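Have a look at the structure below before the remarks.
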Amino acid sequence: MDAYRGDELQPGLDIQSDNEIDQWVRENIESAYHPCGTARMGHGDDPNLVVDTECRVRGLTGVRVVDASVFPTVPYGNINAPTIMVAEKAADAILGKAPLSPLSAPFWTDPNWQTQQRMGEASRSSTQ
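Under the working numbering, think of the first position of the sequence shown as 11, with each following residue one higher.
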(Lines of atoms letter the chains of each structure in order from A and count residues from 1; the text may use other names and numbers.)
(Lines give C-alpha, C1' and ligand atoms only; values in the text may rest on other atoms or scores of the structure.)
Protein backbone atom coordinates (compact mmCIF):
# COMPACT_ATOMS: atom_id res chain seq x y z
CA MET A 1 0.00 0.00 0.00
CA ASP A 2 3.03 2.30 0.26
CA ALA A 3 2.65 3.39 -3.37
CA TYR A 4 -0.86 4.73 -2.60
CA ARG A 5 -0.37 6.54 0.68
CA GLY A 6 1.22 9.83 -0.43
CA ASP A 7 3.12 12.23 1.79
CA GLU A 8 2.32 12.74 5.46
CA LEU A 9 -0.50 15.25 5.84
CA GLN A 10 -0.03 16.31 9.45
CA PRO A 11 2.10 17.48 11.09
CA GLY A 12 4.11 17.37 7.85
CA LEU A 13 7.57 16.33 6.84
CA ASP A 14 9.15 19.54 8.20
CA ILE A 15 8.12 18.66 11.78
CA GLN A 16 10.71 16.14 13.01
CA SER A 17 12.11 16.74 16.48
CA ASP A 18 10.27 15.99 19.73
CA ASN A 19 10.14 19.74 20.47
CA GLU A 20 8.67 20.50 17.03
CA ILE A 21 6.09 17.74 17.44
CA ASP A 22 5.19 18.97 20.94
CA GLN A 23 4.78 22.53 19.64
CA TRP A 24 2.64 21.36 16.72
CA VAL A 25 0.39 19.37 19.05
CA ARG A 26 0.00 22.37 21.41
CA GLU A 27 -1.03 24.58 18.48
CA ASN A 28 -3.31 22.12 16.67
CA ILE A 29 -4.83 19.58 19.02
CA GLU A 30 -8.61 19.48 19.33
CA SER A 31 -11.29 16.99 20.15
CA ALA A 32 -14.00 15.86 17.77
CA TYR A 33 -15.77 14.26 20.71
CA HIS A 34 -18.43 15.96 22.78
CA PRO A 35 -17.19 16.08 26.35
CA CYS A 36 -19.87 15.34 28.89
CA GLY A 37 -20.58 13.45 32.08
CA THR A 38 -18.06 15.13 34.42
CA ALA A 39 -20.72 16.14 36.99
CA ARG A 40 -22.89 13.06 36.89
CA MET A 41 -26.60 13.32 37.70
CA GLY A 42 -28.66 10.81 39.62
CA HIS A 43 -30.45 10.02 42.84
CA GLY A 44 -29.60 7.87 45.80
CA ASP A 45 -26.44 7.30 47.77
CA ASP A 46 -23.99 6.84 44.88
CA PRO A 47 -20.86 8.77 45.98
CA ASN A 48 -20.01 9.54 42.32
CA LEU A 49 -23.10 11.69 41.81
CA VAL A 50 -22.47 15.43 41.69
CA VAL A 51 -25.99 16.73 41.08
CA ASP A 52 -29.46 15.46 41.89
CA THR A 53 -32.22 14.97 39.31
CA GLU A 54 -33.00 18.71 39.40
CA CYS A 55 -29.35 19.64 38.69
CA ARG A 56 -28.72 20.84 42.27
CA VAL A 57 -25.12 20.34 43.37
CA ARG A 58 -25.00 17.91 46.26
CA GLY A 59 -23.78 19.49 49.49
CA LEU A 60 -24.32 23.09 48.34
CA THR A 61 -27.30 25.40 48.51
CA GLY A 62 -28.42 27.51 45.58
CA VAL A 63 -25.96 26.04 43.04
CA ARG A 64 -26.97 24.08 39.96
CA VAL A 65 -25.07 22.64 37.03
CA VAL A 66 -27.11 22.79 33.83
CA ASP A 67 -25.08 21.53 30.90
CA ALA A 68 -23.84 18.30 29.31
CA SER A 69 -21.61 17.56 32.27
CA VAL A 70 -24.63 16.19 34.18
CA PHE A 71 -25.20 13.32 31.75
CA PRO A 72 -24.90 10.04 33.67
CA THR A 73 -23.81 8.28 30.46
CA VAL A 74 -22.50 9.48 27.09
CA PRO A 75 -25.25 9.78 24.44
CA TYR A 76 -24.74 7.86 21.20
CA GLY A 77 -25.15 10.95 19.03
CA ASN A 78 -24.52 14.65 19.06
CA ILE A 79 -25.11 16.14 22.51
CA ASN A 80 -26.84 19.35 21.38
CA ALA A 81 -30.45 18.12 21.68
CA PRO A 82 -29.94 16.27 24.99
CA THR A 83 -28.23 19.38 26.43
CA ILE A 84 -31.19 21.54 25.41
CA MET A 85 -33.53 19.01 27.02
CA VAL A 86 -31.55 19.11 30.29
CA ALA A 87 -31.67 22.93 30.23
CA GLU A 88 -35.43 22.93 29.61
CA LYS A 89 -36.05 20.45 32.43
CA ALA A 90 -33.78 22.40 34.80
CA ALA A 91 -35.50 25.67 33.90
CA ASP A 92 -38.86 24.11 34.75
CA ALA A 93 -37.46 22.85 38.08
CA ILE A 94 -36.01 26.28 38.90
CA LEU A 95 -39.36 27.92 38.07
CA GLY A 96 -41.25 25.30 40.08
CA LYS A 97 -43.19 23.97 37.08
CA ALA A 98 -44.50 20.44 37.42
CA PRO A 99 -43.14 17.89 34.92
CA LEU A 100 -45.34 16.95 31.99
CA SER A 101 -47.37 13.78 32.32
CA PRO A 102 -45.63 10.65 30.99
CA LEU A 103 -46.40 9.84 27.36
CA SER A 104 -46.47 6.36 25.95
CA ALA A 105 -45.26 6.48 22.36
CA PRO A 106 -44.24 3.57 20.13
CA PHE A 107 -40.54 3.20 19.36
CA TRP A 108 -38.29 0.73 17.61
CA THR A 109 -35.41 -1.06 19.32
CA ASP A 110 -32.77 -2.92 17.34
CA PRO A 111 -33.02 -6.57 18.44
CA ASN A 112 -29.21 -6.74 18.35
CA TRP A 113 -28.61 -3.57 20.37
CA GLN A 114 -26.50 -5.39 22.96
CA THR A 115 -24.06 -6.90 20.46
CA GLN A 116 -24.07 -4.55 17.48
CA GLN A 117 -23.42 -0.80 17.44
CA ARG A 118 -25.50 0.48 14.54
CA MET A 119 -27.33 -0.90 11.55
CA GLY A 120 -27.56 0.73 8.13
CA GLU A 121 -30.95 1.74 6.77
CA ALA A 122 -31.09 -1.30 4.44
CA SER A 123 -30.48 -3.71 7.32
CA ARG A 124 -32.91 -1.91 9.60
CA SER A 125 -35.80 -1.98 7.13
CA SER A 126 -35.30 -5.71 6.51
CA THR A 127 -35.67 -6.49 10.23
CA GLN A 128 -38.89 -4.55 10.81
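Every residue, glycine too, gets a C-beta built ideally from N, C-alpha and C. Note that the structure is a prediction, hence the values are computed from the model and not measured.
Which one of the options has the shortest CA to CA distance from residue i?
i     : options                       : result
Ala97 : Leu113, Val84 and Ser79       : Ser79
Lys99 : Pro116, Arg74 and Pro57       : Arg74
His44 : Tyr86, Ala13, Leu23 and Thr63 : Tyr86
Would you mind stating whether residue i and residue j have Cβ atoms separated by less than 8 Å?
i     : j     : result
Cys46 : Ile89 : yes
Quick check on residue i: does DSSP put it in helix, strand or coil?
i      : result
Met51  : strand
Pro21  : coil
Arg134 : Note on Arg134: pLDDT 48, under 50, position unreliable in the model; no value is reported.
Arg68  : coil
Val73  : coil
Val80  : helix
Asp56  : coil
Glu40  : coil
Leu105 : helix
Determine the direct distance from the alpha carbon of residue j to that of residue i, and round the result to whole angstroms.
i      : j      : result
Thr71  : Cys65  : 12 Å
Leu19  : Asp32  : 17 Å
Pro50  : Pro82  : For clarity, residue 50 is Arg in the given sequence; the question names Pro instead. So the alpha carbons of these two residues sit roughly 5 Å apart.
Ala103 : Thr48  : 21 Å
Arg68  : Leu105 : 19 Å
Trp118 : Asp55  : 33 Å
Asp17  : Ile39  : 20 Å
Glu37  : Tyr14  : 29 Å
When you measure from the CB of residue i to every non-hydrogen atom of the ligand FMN, does any distance come out below 7 Å?
i     : result
Cys46 : By its list of ligands, the structure shown contains no ligand whatsoever, and the ligand FMN lies outside what it can speak to.
DSSP puts residue i in a beta bridge; with which residues?
i     : result
Val61 : Met51 and Val67
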